[in-house]
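Below: the structure, in structure tokens.
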Amino acid sequence: MTDACFDCLPPYAAWLSMKERNNYSRFLNAIREGYLELSEETLNDDALIKWAYNVALTRHQEVWVIPREDGTVREKKISPMADLLNHATIPNAAIEYDDQGNCVVTTTQDVPAGSPLTISLGDPTNPTPLFAKYGFLYDINECTSIFCKAMHLQKEIETLGYDFQQLLFYTQTGDIAPAVWDLFLYNLLQNDPQEMQAFFYACTLNDEATKQAYHQHYFPYTLEALKQYVNGMLQEIDTLTRKANSYNVLTHPRVPIIVAHNNLVADTFLKVKAQLDAMG
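In terms of our numbering, the sequence shown has 188 at position 198, counting the first letter as 1, and numbering is strictly consecutive.
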């Protein structure tokens, strides 16, 4: 992905993609500092190093092992043929390793002759992490949800102990996960530390009755905050997609998949906007 392509991604996708780029940069710096015994010819071959890194990144399986003295309980392994299995929302195979370290691929359902064997490479309900790490979008019709993209509230997300898989907008209906309402209300309460602390305890202790009382009391304000956020994101995504479409696909070959991803986000946010507008 080119630098220009990064500038066309919504905040969450850009953050994940930049993490992948930074991981590669750290790897490259480490091997060039001599942590691996490689020839000068190899160290100076950028294309070869990037290819090897991406093979290891996208084709490994992480497996549990007997704990070592250093505390390691997981290993990353690559096995010929098994590393070529593709992703599916509903996979038909599973990869395991026996006690001797042999790779075993087992079908989990009947597979018609000539059909590909598939595994899961990640959460099938949210396409952005797969897009950032592997560079593809699976059938968007099978995508049921996306992270709400509220990267400006990362600190609040961490404080509440929530993760991105809880903070969802649903692609088919525009429904909003309860944790999203919690997040935006918690952010609104920053001007009242006492109320903020009480709501924090309600969220972290799963006190649903107290949470609902807060949501009912502050609903108009939370609703307005969500409306402003969604409307702002729709404008931003439109700008990003227009920028992506202005690039030549011959020099920026990732543009079509970036546009497809942005369109999925925009379509979902439009459905969320319709839901919010219907609430008042």
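The C-beta atom is built at its ideal place from N, Cα and C for all residues, glycine as well. All figures in this text were calculated on a predicted structure; none of them were measured in a lab.
Here the C-alpha atom of LEU254 lies approximately 37 Å from the C-alpha atom of ALA20. Closest by C-alpha distance to ALA256, out of SER135, LEU150 and THR32, is SER135. According to DSSP, residue pairing for ASN76 in a beta bridge involves THR108. If you check the CB distance, THR97 and ASN82 come in under 8 Å.
Excluding five sequence positions before and after ILE247, the CB atoms of its chain that fall closer than 8 Å to its own CB belong to PHE121, GLY125, PHE126 and LEU127, given in chain order. Taken in chain order, the unbroken stretches of alpha helix (DSSP H) that lie wholly in the segment 152 to 209 and span 4 residues or more are 168 to 178 and 183 to 194.
Within 10 angstroms of the beta-carbon of LYS40 lie fewer than 16 other beta-carbons, which makes it exposed. Where ARG11 is concerned, the enclosing alpha helix (DSSP H) starts and stops at 1 to 22. Relative to the Cα of LEU47, the nearest Cα in the group LEU26, GLU10 and VAL63 belongs to GLU10. Nearest C-alpha to GLU146 among GLN155, GLN180 and LYS123: GLN180.
Boundaries of the beta strand (DSSP E) around GLU52: 51 to 54. Residues of the same chain with a CB within less than 8 Å of the CB of ASN177, apart from the 5 flanking positions on each side, are LEU143, GLU146 and ALA215 in chain order. DSSP places ILE136 inside the beta strand (DSSP E), whose first and last residues are 135 to 137.
Remark: C-beta atoms of CYS(-2) and LEU230 approach each other more closely than 8 Å. Here DSSP, grouped into helix, strand and coil, assigns VAL94 to strand. Three or more Cβ pairs closer than 8 Å define a contact, and the segment 159 to 177 meets that threshold against the segment 204 to 223. Ranked by Cα distance from LYS201, the first of TRP171, GLN225, VAL220 and GLN218 is TRP171. The segment 223 to 243 makes no contact with the segment 181 to 192: fewer than 3 CB pairs, one atom from each, lie closer than 8 Å. When the Cα atoms are used, ILE80 and GLU23 turn out to be separated by approximately 42 Å. The beta carbon of PRO1 is closer than 7 Å to those of LYS139 and MET141 in its chain, skipping five residues each way along the sequence.
The Cβ-Cβ distance between THR163 and LYS261 falls below 8 Å. For GLU59, there is no enclosing beta strand (DSSP E), as DSSP marks it with neither H nor E. If you ignore the 5 residues before and after LEU111, its C-beta comes within less than 7 Å of the C-beta of HIS77, LEU120 and TYR124, all in its own chain and listed in chain order.
Within the same chain, Cβ atoms closer than 7 Å to the Cβ of ASP73 are found at ARG49, the five residues on either side in sequence being excluded. The beta carbon of MET8 sits closer than 8 Å to those of PHE(-4), all from its chain and outside the five residues before and after it, given in chain order. Residue state for TYR87 is assigned as strand, using DSSP reduced to three classes. By the criterion of a C-beta distance shorter than 7 Å, TYR43 is surrounded in its chain by TYR14 and PHE17, once the five residues flanking it on both sides are discounted.
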